[in-house]
Every structure is written in structure tokens, then in C-alpha cells.
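Chains A and B supply the protein sequences, listed in that same order. Counting in this note's numbering, the first sequence runs from 9 upward without gaps. Counting in this note's numbering, the second sequence runs from 16 upward without gaps. Beta carbons: idealized from backbone N, C-alpha and C, even for Gly. Since this is a predicted model, take the numbers as computed values, not measurements. To start, the structure under review is shown below, and the notes come after it.
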Amino acid sequence: MKNKLLLLIILLGELFTFSFWVPCAKVLDKFHFTTYDLQLRLIERIHYDQFVPLWETRVFHNKFAGALFDLIRSYVQFWDLGFLINTISLVGAVGVGVMFYHFCTQKKSRITGVLFTLVLLLPFVEIFNVSQIPPSIRVGIFILPLICWSLMGCWHLSKKKRGTWIIFVLMLVSVWYEVSIASAHLLCPRP
Amino acid sequence: MLVRMKLRKLFLAIILLLAAFLRFYQVDQIPHGLYIDEVSIAYNAHTILHEGKDEYGMQMPLFFKAFGEYKMPVAIYLTSASMAIFGKTDFAVRFPSALLGTLLVFILYLFVKELFGRSGKKITPKSIEAIALLSSFFAAISPVTIQMSRGGFEANIALFFYLLGGWLFLRYLKNQKVLFLFSSLSSFIVTIYTYNSYRLIIPLTLGLCFWYLFKHMKQKNQKPFYSALGFVIIMLIPLVVFSFSGAGASRFVETSAFTQPYLNFWQKLGIYPMIYLQNYVSYFSLPFLFASGDGFGRHTILDMGNLFRWQLPFLIVGLFFMLKNRSTFYAKLLLFVLLIAPITAAFTRPSPHTLRSLLIILPLIILCAYGCVTLWQKQRKLLKAIVLGIGIFAIYETAFYFHMYYVHYPLRTAPDWGSEYHQLITEASRLQPQYDEIVIDNQFAGAPAYRNFYNSNLKFHLIDGGWRKPLAWEKKKVLYITQEHSQEDPALKKTLFHTRIKDIRYADRTKSIFAQFWEL
């Protein structure tokens, strides 16, 4: 019962943190991948290749490698601790980490397997910027499975020795952070 | 067995040669030009070498005054020694950092062997050897270690001494020879006297060392413990006194992240800890580590992070296994270093900042190597195929990095370094005999520092933007060095007479004008 109550409070905390994203007009460009940006960047890079054999320019500044680097750059933004703290709170971010650890060490169930896949793949909805969907919903598509994932992590953490205390302290810090310097608006400017 | 040992030594020798090549090849040309801190260190090193005094005339000081703050002494004295061998050259200024950056690769090998050697039978000697070799290889080729070793960065020198201290301490734990203990403590003390960021990290590290020694101290053998403690306290007294003086705190005040004067005490109490938290977590940011670095031209190559992207999967695996074996000595120590590395840097802005948190790179590199070896040793073909796949990408990305470093970097980051200042001073020195006075616009704030190093005989006046040729100088021939002005500039037309003699352009691709020389 105590653990369930704890999870409910964590859920409320995470939703409260995520609520800062609701009035968002657009997510910053650094989270997105576009072929247009890639093209511009490649052109800019190629201009620096002075006195360099053509093959070298082709090897290092081509669309395939550029797209791969851009995708990696955009994707890792979603696993940046700062981003997670601003979307699902500090306690949520720790829960995500704990659940990844738990998922890799324990026997996997089908539900956790599906959730794991979703959590890993859904950032691509935002990366490819499916622009018909409003930004807050688009981020929500990624965040909601992540919230479930983090709650599962917190559940496992709460069963550990001193786990409840750790969660309690993290929750206090999370609330403190959100109340004092929540910076979701820097990642996702208001209209 | 003997063949295997020879093979290991051969691998290590190749890695060290590679590290040396990557650090020394064209080090005086790329990055082009010494930046202002390097010049300040170099000038003080020069005066120490020839006069035994710093630029302000202080005899062999422990803290060097520079640009309104104080510099730590180790880098300056090392540069003095380097200048005694190589003369007053750019190479001499960067030599200590490049040399210690190369030696760091070797010490890391020894450290990792010692560290994982304490894990009992959990890791086989063969794996330990592989982790050690791979760690040193990663340290040899990682973007951040190369970047830091090729500039005269105090942080890089401090990193070497910190690692050396750590290795010597592990040697002491193994052999119980007091010499190792004192060498280790001396090395930690040298670290704290090298770079400001270690003013918190070293006390924490020493605290851990003494706690460990105290915990494992035998009743009969207490003498080394107390003499070591006394030694450390005595050696740190000057720094403690200095840190609490206004001069010692000046650097902190300058870079502090906690400077919101409009907040009252209670607001500060509420907000500052969270600013600290925000800064602290930024050092573990994946984009900072693997994609874009801290964005400073001096610390980062465009399109690259502090580590290679291909190291990320190995780091994740390494972290996972470290947490799984969290009760082992190596896991505890790596976690400790990982957590304390940004502890000082988080007090400052901007965050993340590569130099101030350079220590974080050591545990990350070791974890990458650990993850790679662990993954390879799993007897699954799929995992081996993944490692090989990453290996292919690794070759490409590493080649990409060197392309960016040797082709793009010099053309892109000229304003971040100081080759144009060098040119300015050289040109002004060449023209000096033809003019009665030389005046330089104070927008070239670094000019006096560069003058001191490159030609201390050059005399000039540093003047404000609205300067006019005074009537008293009416008959004097004046060389006026300023930022870009056009012939039609109304401000300049008011001067008595002017002819544009020369432009100095940025060495980057823009070739925009850095300075113009006018005859008045």
C-alpha cells in the first residue's frame, strides 16, 4: 500500500513536470532531423575542404555519414539527463535508469519488452518532426511510455533497502527544482 | 607466455608512439597561435627562467598574478624548464602539456592494471591486460585528450598528476612501501597547485585515501599514517591561506554561477542549490560527451564531442557491468571519481565546461574499455558481430575526426587562438623604427600580454576608441593600429593625416580583417 501511494505521488510529480511542456509551441530544432538542414550543413563543411583531394571530401562529407551523425546527435538529446529532468523530473530520470538496469539483469516479460522497444524508438516521432501533430502531443507520445518505464523503475527501487528513502529525497529535490528553476521553456518555447 | 608478454609490450609501445605522434605532430602550428593564457604562462616562465621573478617582479612566487586573478605555479615552472631546453618558442610552451599528455597514456595503463588487479578473481589477468591496453589506446586517440594535450592547458597537466597520484597510491596499497605513499600524496599536492578546479577534488580524494588508510591501519604501523597526514596539512597550508584571501577567491568570483544580485537571501537559498544541480547534471549530458562538446573553439572540434560516438555503446555496457559489480574495489573507485569530477566545475558558468571537468574523462575511458572487453568476451556470435560493426564505424569516425582536426579546425577557429596577435606584434616590431609613437586600440586587450612574450622591447600606448592624435604629437609620425575602419570613417577623418599601411587578416576561412595599421 505504501509503495502504491509512493508511485501515485511520483506519477503526479512527473505529470506536473510534463505539464510545463503543454503550452509549448515548438520543440527546439536540435531535437529534429531534416534533410534540408543536413544539406546546408554539408555545403558549409565542403567549403572548408581547401587543398584536399576530392575523394576525401566525398568520404567525409556525404549525406549518408551526415545523416547518421545528425540522427545520433538528435537521438542522444532525448537521453540527456537535463532533458529527462525537465520532462519527467529527477525522480523519474532515476527511475528510468533503474528500470534499464533491472531490465538487463532480470528475466524479461513481454510487457517490459514491448515498453522497452517503445521507449527506445518513440523519440524518432519527434526527431522526424511529424508536423501535423501539435508539439505537446508529439512529446507526450514519447514521454508517456517513459513515465510508465520510470514508474516501474521506481517500483523496483522502492523494494530495495533504503529505496523508499532515496525516492523520497529525490522527490523533494524534484519538486524543489521544478518550483525554483524549471527550464522546460528553454527546450520548448512558448507561442 | 613469453611471446604473449612481448606482444603486450609491443602493443603498448605502438600505443605510446601513436599517442606521442598525435600530440607532437605540428603542435606549434595546430592549433595556430598561442592563446592568451598560454602567452601569460609563457611570459612568466620566461622571466622566471632568466630573472627568477614573475612579470610583476616577485621572487619565485607560489601564485602568479595575471589578468586580475592568480595562476597556479606548476604549469609556469614546467614551461620554464621547457624553455630552458627549447628556447622561447611556441613549441616550448606546449611541450609540457604534450609530453604529460603522452605519459598519461602510459600511466593510465599502469593504473588500470593496478586497479582491476585488486578485484580478486572476478576478472582474469588476461582481461585486465586487455582493459589496460584498450584504456591506454582510447586515451591515446580520444578527441578530448588530444585537444587538451596540444594546447598549453593547465588542466591537462593537472590530470596527469592526479592519475599519477592515484596509481602511486594503489602501488602503496599493494606494496606498503612508504615511498609510494609519499610520492602519491606529493603528486596529489602538485595537482592542486596546478589547476584551480582541483581545490575541491583533491581534498575529497585525500579524504578518501586517508579514510581508507585509517580503516586498514594496523595498531603497530600507525607512523606512516600520521606522518603522511602531517605532510599533507603542511603542504596545503599556503593554498588554504591563499584560497581564503581575496586574491585566491578572485577566480571563483569571476566564474561563479551564483551571481544573481537581485535575489534576497531566502531566494538564493532556494535557487542556488538547484542551479548547482542543473550544472552538475550537465556534465553527464550525452550531447556534451559524444556529439558537440562544450562549444568552445579551443576545447572542441566541430561535429565532435569529447569522446567518439562509437564509444557510447561500450560506455553503456561498461557502466552496466560496473553497477552489477558495484561491491568491487574498482567499481567503487571509478564511481567515486566519476561523481567528484564535475563537483567544482558545477559551481561555475558556463556549464558544461570541458577544461574544468577534464577529470571525468578518465573513468569514462576506463569504462569504455571495460565495456568493450566484457562485450567481446561474451561467447555470443551476435555480440561479437556488434563489436565488429562498431569497430568499422569507429575506424570511419576516427578518420573523420582527424580530417576535421587537420583540415577544418585551423580554418575555423582562428579567433579562438592567437596567431593574429602574434602577427600584430611582429609587424609592429618591424615597423617600430620608422615611427615615433605606436598606439593600439584597447579593443586589442591581449596586445600587452603578447608583446611581453614576443617582443618586450616594443613600446606602444593602449588607447580608448575615441582617441585623437594630440596636438603635442603634431610633428610625430604615429603608427595607429585599430580594428577595421573604412577610409570614409568620419571618426578617423578627424585625425590630422592618415594612410592605411597594412591589414592583418584572420587565418581562418573568412580572411576578415583582424587589425589595420594606419600612419597618422
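In this structure B/T359 does not touch B/N321 by the C-beta definition: roughly 17 angstroms separates them, more than the 8 angstroms allowed. In the structure shown, the three-state DSSP call for B/F246 is helix.
Contact with chain B is found for A/R81, since one of that chain's Cβ atoms lies less than 8 angstroms from the residue's Cβ. Taking a Cβ-Cβ threshold of 7 angstroms, the residues of chain A close to B/M289 are W184, Y185, S188 and I189, in chain order.
Secondary structure of B/V493 (DSSP, three-state): strand.
At a cut-off of 8 angstroms between beta carbons, A/E22 makes no contact with chain B. The shortest CA-to-CA distance from B/P253 to any of B/Y295, B/Q275, B/I207 and B/M232 is the one to B/I207. When only Cα atoms are considered, B/Q74 and B/H65 end up about 12 angstroms apart. Taking all protein chains in view, the Cβ of B/S527 is surrounded by fewer than 16 other Cβ atoms within 10 Å, so the residue is classified as exposed. One thing to note: B/V89 has its Cβ no nearer than 8 angstroms to the Cβ of B/I56.
The segment 232-251 of chain B makes no contact with the segment 108-122 of chain B: fewer than 3 CB pairs, one atom from each, lie closer than 8 angstroms. Secondary structure remark: continuous alpha helix (DSSP H) runs of at least 4 residues inside the segment 183-224 of chain B, in chain order: 193-207. Counting C-beta atoms within 10 angstroms of its own C-beta, B/Y71 has fewer than 16 neighbours from the protein chains shown and is therefore classed as exposed. A residue is called buried once 16 or more other Cβ atoms fall within 10 Å of its Cβ, and B/A460, having fewer, is exposed.
Of the residues assessed, A/M160 falls on the buried side of the cut-off, its CB having 16 or more other CB atoms within 10 angstroms. Interface criterion not met: the Cβ of B/L397 is under 8 angstroms from no Cβ in chain A. Under the Cβ criterion (8 angstroms, minimum of three pairs), the segment 26-46 of chain B counts as touching the segment 151-166 of chain B. Contact with chain A is found for B/H418, since one of that chain's Cβ atoms lies less than 8 angstroms from the residue's Cβ.
R324, L327, F335, L338 and K339: these are the residues of the segment 322-348 of chain B whose beta carbon lies less than 8 angstroms from some beta carbon of chain A, given in chain order.
One Cα belongs to B/L49, the other to B/L382, and the distance between them is close to 34 angstroms. Within the same chain, T117, V120 and A155 come within 7 angstroms of B/A34 by CB-CB distance, once the 5 residues on both sides are set aside. Annotation for B/L439: the continuous alpha helix (DSSP H) segment containing it runs S434 to L446.
Residue burial is scored here from C-beta neighbours: B/P378 has at least 16 other C-beta atoms within 10 angstroms and is therefore classed as buried. At a beta-carbon threshold of 7 angstroms, the residues of chain B lying near A/L89 are V296, F299 and S300, ordered along the chain. Sorting B/A60, B/G480 and B/G83 by C-alpha distance to the C-alpha of B/P76 places B/A60 at the top. For B/D451, the closest alpha carbon among the candidates B/Y411, B/W488 and B/A429 is that of B/W488. Taking 8 angstroms as the threshold, the shortest C-beta distance from B/A306 to chain A falls below it. In chain order, F77 make up the part of chain A whose C-beta sits under 7 angstroms from the C-beta of B/D318.
In the structure shown, the three-state DSSP call for A/R146 is helix. Taking a cut-off of 8 angstroms on C-beta distances, the segment 205-219 of chain B touches the segment 168-180 of chain B, as three or more cross pairs fall below it.
Within the segment 241-307 of chain B, complete alpha helix (DSSP H) segments of at least 4 residues are found at 261-270 and 280-297, given in chain order. Among the residues facing chain B, A/V60 is included, as its CB has a counterpart in that chain under 8 angstroms away. B/F303 sits buried, since 16 or more C-beta atoms from the chains shown fall within 10 Å of its C-beta. Interface with chain A (8 angstroms Cβ-Cβ cutoff): B/H423 is included. For chain B, the residues of the segment 112-132 of chain A that bring a beta carbon within less than 7 angstroms of one of its beta carbons are C112 and T113, in chain order. With its beta carbon at least 8 angstroms from every one in chain B, A/V147 lies outside the interface.
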